[in-house]
Amino acid sequence: VAIMQGCDNFCAYCVVPLVRGREVSRPAEDILDEIRALTGRGVMEVILLGQNVNSYGKKEGGIPFPELVRRISVIDGISRIRFITSHPRDLDDRTIRLFGEIETLCPHVHLPLQSGSDRVLAAMGRGYTRGEYLAKIEALRQVRPGMAFSSDFIVGFPGETEDDFQKTLSAMREIRYDSSFSFRFSSRPGTRAAEMTEKVDPQEAAARLRRLQDLQASHTRERLSALVGREVPVLVEGTSARDPGMRCGRTACNKTVNFTPRSTDGPIRSVLVTGAGTHSLVGEERPSHA
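Mapped onto my numbering, the consecutive letters of the sequence shown carry residue numbers 710 to 999.
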């Protein structure tokens, strides 16, 4: 469910404000009405979408994002609430506290770091430091133990040195993201970064990207393997692409699970995780009487 569009942040590398315009939030009642209509059709999980959902309502003088989430959480039929994307600068204490107060708010946050170097973050115009970002990760873990995190990274940003890149890797090792999306810097016309002259050699940037993705792959395997042997609730999304005799769904922490069904009862199944792949889990549904 889209709750807003556009972005006011104007990060040095990004064309979103130029292409999609400035931030505009939808009226809260329109959003709530849409979600009520969805639950009336059997929808149990809602994902709140926006370029920067934490800025919802700030310009219009309406209810703030945390209050919107609270109102959604009391709608009958809603079992899971997610939101994407958050800007670290705008993820405030009120929103962080929601994870300890609203059980249906899924324990997964996509929080793009982009770089672990304060120097690069400043050049990107991100508006936060590495230390400020890490403090928010820790605050989230305090209010909701077991929280899962994903992130975005840009490698080879103009002026990025090997030392800067090492700081990104060290931040990844400290946080140990469940997953991430990473890209080599690509110059976009009209952005400030396009005018920066201290370019990183393309081959070096590509090598850094491979190193970052290899590290992330090891952390993803680590996170997935830790779930083997555990029983987890899985919201069924449909038939598994890997085997038509299996079902596919997601955990509250946004892990994909392919499992052997034992019943046709209910959209949320209890699944015993029996194995971990590169990006997903496999399991068996537990009997309903278990």
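Think of the CB as a built atom: it goes at the ideal place given N, C-alpha and C, for glycine as much as any other residue.
C-beta atoms of Phe792 and Leu757 nearer than 9 Å: yes
Looking only at its chain, what residues have a beta carbon closer than 6 Å to the beta carbon of Glu946, apart from the 5 residues adjacent to it on each side? Cys957, Gly958
Under 9 Å between C-beta atoms of Lys908 and Leu936: no
Looking only at DSSP bridge pairs, what is Asp785 linked to? According to DSSP, Asp785 bridges with nothing at all.
First and last residue of the uninterrupted alpha helix (DSSP H) at Val852: 839-852
Pick out whichever of Arg803, Glu869, Pro942 has its Cα sitting closest to the Cα of Arg917. Glu869
Alpha carbon to alpha carbon, how far is Ala711 from Glu776? Give it in angstroms, no decimals. 16 Å
Span of the beta strand (DSSP E) around His653: With the chain running from 710 to 999 in the structure shown, residue 653 is simply not present.
Quick one: which unbroken alpha helix (DSSP H) runs of 4-plus residues sit fully inside the region 715-762? Chain order, please. 725-729, 737-749
Going by CA-CA distance only, name the one from Val864, Met905, Thr877, Cys720 that's closest to Phe894. Val864
Do Ala721 and Ala832 come within 9 Å of each other at the CB atom, strictly closer than that value? yes
May I ask which residues mark the beginning and end of the beta strand (DSSP E) holding Leu990? 990-994
Leu944 and Glu883 look like a contact to me (Cβ under 8 Å); what is the Cβ gap, rounded to whole Å? Their Cβ separation, rounded to whole angstroms, is 31 Å, which puts Leu944 and Glu883 out of contact at 8 Å.
Per DSSP, cross-strand counterpart(s) of Gly947: Cys957
Determine contact between the region 743-753 and the region 723-732, defined as no fewer than three beta-carbon pairs at a distance below 8 Å. no
Anyone know if the C-beta pair for Asn761 and Thr804 falls short of 9 Å? no
Given this structure, state the Cα-to-Cα distance separating Gln925 from Arg919, to the nearest angstrom. 10 Å
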